[in-house]
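Q: Take a look at this one; I'll ask things after.
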Amino acid sequence: MSPVNTRVRTPTENPDANNSTSLPKHGVVGVVRLGAVGEAVLKIVVANLQEILNLPVDILPARQTPEFAYSDNRKQYHAALILKKLAESRRPHPRILALVSVDLFIPVLTHVFGEAQMGGRAAVVSLHRLKQKEEGGGVSLDIFYERAAKVALHEVAHTFDLVHCKQPECIMRLSSGPKDLDELPLFFCEYCEAFLEEAYRRYGIQRLHD
Amino acid sequence: MDKVRILVVDDELVIRESLHGWLKKSGYQVDTAEGGSAALAMLEKTAYDLLFLDIMMPVMSGIEVLEVVKEDYPQTLVVMITAYGSVETAVQAMKRGANDYLMKPFDPDQLSLLTEKLMQQKRIMDENIFLREQMAEAIRFENLVGRSEAMQELFTLIQDVAESDSPVLITGETGTGKELVAKAIHAKSARCNGPFIAINCGAFPEHLLESELFGHERGAFTGAHRAKKGRLDLAHHGTLFLDEVGIVPLKMQVDLLRVLETKEFHRLGGTEEIEVDFRTIAATNRELQQAIEKGEFRQDFFYRLNVISLHIPPLRERRDDIPLLAEHFLDRYSRETNKDIDTINKEAMGLLRQYDWPGNVRELENAIERAVVIGKKRRLDPEEFSFLAPHLSAAAETYSLEKTQVAHLFKVLKEFDWNITKAAQALEINRVTLHKKIKKYDLRPDRASS
Chain A
1 MSPVNTRVRT PTENPDANNS TSLPKHGVVG VVRLGAVGEA VLKIVVANLQ
51 EILNLPVDIL PARQTPEFAY SDNRKQYHAA LILKKLAESR RPHPRILALV
101 SVDLFIPVLT HVFGEAQMGG RAAVVSLHRL KQKEEGGGVS LDIFYERAAK
151 VALHEVAHTF DLVHCKQPEC IMRLSSGPKD LDELPLFFCE YCEAFLEEAY
201 RRYGIQRLHD
Chain B
1001 MDKVRILVVD DELVIRESLH GWLKKSGYQV DTAEGGSAAL AMLEKTAYDL
1051 LFLDIMMPVM SGIEVLEVVK EDYPQTLVVM ITAYGSVETA VQAMKRGAND
1101 YLMKPFDPDQ LSLLTEKLMQ QKRIMDENIF LREQMAEAIR FENLVGRSEA
1151 MQELFTLIQD VAESDSPVLI TGETGTGKEL VAKAIHAKSA RCNGPFIAIN
1201 CGAFPEHLLE SELFGHERGA FTGAHRAKKG RLDLAHHGTL FLDEVGIVPL
1251 KMQVDLLRVL ETKEFHRLGG TEEIEVDFRT IAATNRELQQ AIEKGEFRQD
1301 FFYRLNVISL HIPPLRERRD DIPLLAEHFL DRYSRETNKD IDTINKEAMG
1351 LLRQYDWPGN VRELENAIER AVVIGKKRRL DPEEFSFLAP HLSAAAETYS
1401 LEKTQVAHLF KVLKEFDWNI TKAAQALEIN RVTLHKKIKK YDLRPDRASS
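Heads up: the sequence lines are chains A and B, in that order.
If you read the first sequence in the working numbering, its first letter stands for residue 1, the second for the next number, and so on.
If you read the second sequence in the working numbering, its first letter stands for residue 1001, the second for the next number, and so on.
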């Protein structure tokens, strides 16, 4: 499935000027680039989050690569430290997603595509390995964008308490590598859809469209 | 399968936290422990499906924890984790029963595949337990439990006996389950829809036993304000179980013999002949042949009762049934007391097997009930059966040369307050030999010899 390309809000837009579309003052999810992340992938991720999660999403001003999370031993960036920092953000958004181009790890794993606080505020996606084929070499931009959108959706859904799903046709299914990731659909199964709706109600979150 | 419970044991906080977070995202219920002792304390309270266990930990190593887990909680799967990915350590862990191992940091694909694989394995193990429980029905007959040859023969005999309507005499020591056998015969017989009326003949003085059995009319004796049906009456169309028949007084034996022969009787103080139809099952722990020789039991009554005889062997003659019975009672009493106790540790089970159980199955049942009531952990240890210890010395007598040697060494060392020189002199061996033996048998002042 191709990523959704819909109109997305950018930092240059003033949400207050969009009263006619009855958008709230700020989105539910704020997406921030940390370091060298392309504009196109950012917009595609945001568009997909907005469309599939049915939530207003804002693009936040870009920040620098999170050097504070760099590990000399691992030569990678510690995802949990980035999440901790993101969770402390003063932005009003109930959820913050960061996109990074550096490779992420958590102490127990060699790498992660993304990481999120279960039922928390922060999530982060690394684009580093999404550009690569499992067998080596690079993938096309289409595949790269689609992977980025999938990991972003998956991680943000974790912040709404969704756990990995056993359904084969669900974005919340645990993917064990880029190849698995390519086989995942870009939507939630009916159960996860229901869990997500329930989480929105629990967290008092207003959906974009009823 | 309920929500999978996982325990992560690692002395490094970051490892605990990151593995905890990762596993939680897969919907597992995850707890963490920073060391072996904390992990074992948690295992005592909670039945974990899977343990991620770091090999290199201070105080108590992962291998030590693994050994306890495999012995006391064999249903818990263990994955060893190590930052020191030496194949040697991992192989050592696998040899000691670890289900798999991972080297830190893990590849996420490897971790998810392994977790999935082990959960599949756990499902199969749980199914096996279920099937074993179903198979256990085959070693349970009504409420009787036993896999020993003697009990299997008894079950077959009960089945055969149940089909006839002849009187049965059950013999066996006190507490062997004679009433259960009688109930099983009744349940399997054509009279199963009729009543099963039991009377413990030893529980009543003579005049009351007569009234209990035969009933009485109003005014039959002082205090008989109302007419009352006796057990013979109540057993109509069913089974009458005469427990402790060996101590029925001689006079009453005559009366009962008459009833068994004619199936007619009259109540105390009554004249009306009452016809009854029941099957008789009697039980005794007395040697009735000896009682006959002493003139305390009527031979004709004995022959009337003993058309078919069944003997239940004492528990000490079928020790193989002890673990099965112990688990059966553990299951019952942990459910009844609503306590999450599901294992009897190997040492404690060994102790139960050693004991002679003079009170037989009933005594074992009481012991398990008592241990469950006082037990504070998920597992029953020897300390929960300490009340058996004073009676164990004789039962624990061993013919093993090694065990005798260990016990003797321990005794002498204790006697000389662990003074090696003096103990060696008393043992008439040199100090080096004694040191070697102490090391070999891991003798320590804080450890009792076994």
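Built from N, CA and C at the ideal position, the CB exists for glycine as well.
Count the other CB atoms within 10 Å of the CB of B/L1288; is the residue buried (16 or more) or exposed (fewer)?
A: Buried, since its Cβ has 16 or more Cβ neighbours within 10 Å.
Q: Of the residues that make up the stretch 1019-1032 of chain B, which ones have a beta carbon closer than 8 Å to any beta carbon in chain A?
A: Within the stretch 1019-1032 of chain B, the residues whose Cβ lies closer than 8 Å to some Cβ of chain A are L1019, G1021, W1022, K1024, K1025, S1026 and G1027, listed in chain order.
Q: Figure out for me which residue from A/M172, A/F195 and A/P178 has the closest Cα to the Cα of A/L186.
A: Selected option, being the one with the closest Cα: A/M172.
Q: Counting pairs of beta carbons, one from the stretch 1117-1124 of chain B and one from the stretch 119-137 of chain A, are three or more of them closer than 8 Å?
A: Too few Cβ pairs lie closer than 8 Å, so no.
Q: Do B/L1256 and B/F1301 have their C-beta atoms closer together than 8 Å?
A: Cβ distance < 8 Å, so B/L1256 and B/F1301 count as in contact.
Q: With DSSP collapsed to three states, give me the class of B/L1240.
A: B/L1240: strand per DSSP, three-state reduction.
Q: Output, in chain order, the set of chain B residues within a Cβ distance shorter than 8 Å of A/T110.
A: Neighbours of A/T110 on chain B, chain order: P1105, F1106, D1107 and P1108.
Q: Would you check if the distance between the CB atom of A/V256 and the CB atom of A/T159 is smaller than 8 Å?
A: This structure cannot settle anything about residue 256 of chain A, because the visible part of chain A is limited to 1 through 210.
Q: Give the interface partners of A/L174 over in chain B, defined as CB-CB distance under 7 Å, in chain order.
A: Here the neighbours are S1026 and S1112.
Q: So which of B/A1182, B/E1369 and B/R1318 has the shortest CA-CA distance to B/R1353?
A: Considering only alpha carbons, the answer is B/R1318.
Q: Please list the partners that A/A80 has in chain C, where partner means a Cβ-to-Cβ separation under 9 Å.
A: Note that chain C does not occur in the displayed structure, where the protein chains are A and B.
Q: On the three-pair Cβ rule with 8 Å, is the stretch 191-205 of chain A touching the stretch 174-181 of chain A?
A: The stretch 191-205 of chain A vs the stretch 174-181 of chain A: no contact.
Q: Counting Cβ pairs closer than 8 Å, one from the stretch 1087-1106 of chain B and one from the stretch 1038-1046 of chain B, do we hit at least three?
A: No, they do not touch.
Q: Take B/M1080 as the anchor and find which of B/M1056, B/I1281, B/E1296 and B/R1370 has the nearest alpha-carbon.
A: Residue B/M1056 is the option with its Cα nearest to B/M1080.
Q: From B/L1443 to B/L1409, what distance separates their C-alpha atoms?
A: Answer to the nearest angstrom: the Cα atoms are 9 Å apart.
Q: Output the distance between the C-alpha atoms of B/V1276 and B/I1341, rounded to the nearest integer angstrom.
A: Using only the alpha carbons, I get a separation of about 48 Å.
Q: Quickly, what does DSSP pair B/D1054 with across the bridge? List them, please.
A: DSSP lists B/I1081 as partners of B/D1054.
Q: Can you look up B/D1300 in the DSSP assignment and give me helix, strand or coil?
A: If DSSP states are grouped into helix, strand and coil, B/D1300 belongs with the helices.
Q: DSSP state of B/A1395, grouped into three classes?
A: Confidence at B/A1395 is low in this model, with a pLDDT of 46, below 50, so its placement is unreliable and the value that follows should be read with caution. DSSP places B/A1395 in helix when its eight states are reduced to three.
Q: For B/N1193, collect the residues of the same chain with a Cβ closer than 7 Å to its Cβ; drop the 5 residues on either side in sequence, then sort them by chain order.
A: Cβ neighbours of B/N1193 beyond the five flanking positions: none.
Q: Name, please, each residue of chain B whose Cβ falls closer than 8 Å to the Cβ of A/F105.
A: Within 8 Å Cβ-Cβ: P1105.
Q: Per the DSSP calculation, B/A1283 is bridged to which residue(s)?
A: According to DSSP, B/A1283 bridges with B/I1170.
Q: Ordered along the chain, which non-local residues of its own chain (more than five positions away) have a Cβ less than 8 Å from that of B/E1179?
A: Answer for B/E1179: A1198, F1241, D1243 and A1283, listed in chain order.
Q: Looking at the structure shown, is B/A1220 part of a helix, part of a strand, or coil, going by DSSP?
A: Three-state result, B/A1220: coil.
Q: Please confirm if A/H128 has its CB atom under 8 Å from at least one CB of chain B.
A: No, because no Cβ of chain B sits closer than 8 Å to the Cβ of A/H128.
Q: Going by beta carbon distance, what residues of the same chain come within less than 7 Å of B/T1421, once the five residues before and after it are set aside?
A: Answer for B/T1421: R1431, listed in chain order.
Q: Return the residue from the list A/H78, A/G38 and A/E134 that minimises the CA-CA distance to A/L104.
A: That would be A/H78, whose Cα lies nearest to the Cα of A/L104.
Q: Can you check DSSP and say which residues form a bridge with B/S1309?
A: Paired residue(s): B/L1169.
Q: Mind pulling the chain B residues with CB within less than 7 Å of A/E177?
A: Residue identity differs from the one stated: residue 177 of chain A is Gly in this sequence, not Glu. D1109, listed in chain order.
Q: In terms of residue numbering, what span does the beta strand (DSSP E) encompassing B/E1383 cover?
A: Where B/E1383 is concerned, there is no enclosing beta strand (DSSP E), given that its DSSP letter is neither H nor E.
Q: Please report the residue range of the beta strand (DSSP E) in which B/F1196 lies.
A: Its beta strand (DSSP E) spans residues F1196 to N1200.
Q: For B/H1216, which of B/L1232, B/D1381 and B/V1161 has the nearest alpha-carbon?
A: When each option's Cα is compared against that of B/H1216, the closest is B/L1232.
Q: Taking DSSP as the reference, what is the three-state secondary structure of B/E1012?
A: Looking at B/E1012 - three-state DSSP - the assignment turns out to be coil, as it is neither helix nor strand.
Q: DSSP state of A/H154, grouped into three classes?
A: Reduced to three states, the DSSP call for A/H154 is helix.
Q: Under 6 Å Cβ to Cβ from B/F1329, same chain only, skipping five residues before and after it: list those, please.
A: Within the same chain, B/F1329 has close Cβ partners E1365 and I1368.
Q: Looking at the secondary structure, which residues open and close the alpha helix (DSSP H) in which A/R202 lies?
A: Per DSSP, A/R202 belongs to the alpha helix (DSSP H) from E190 to Y203.
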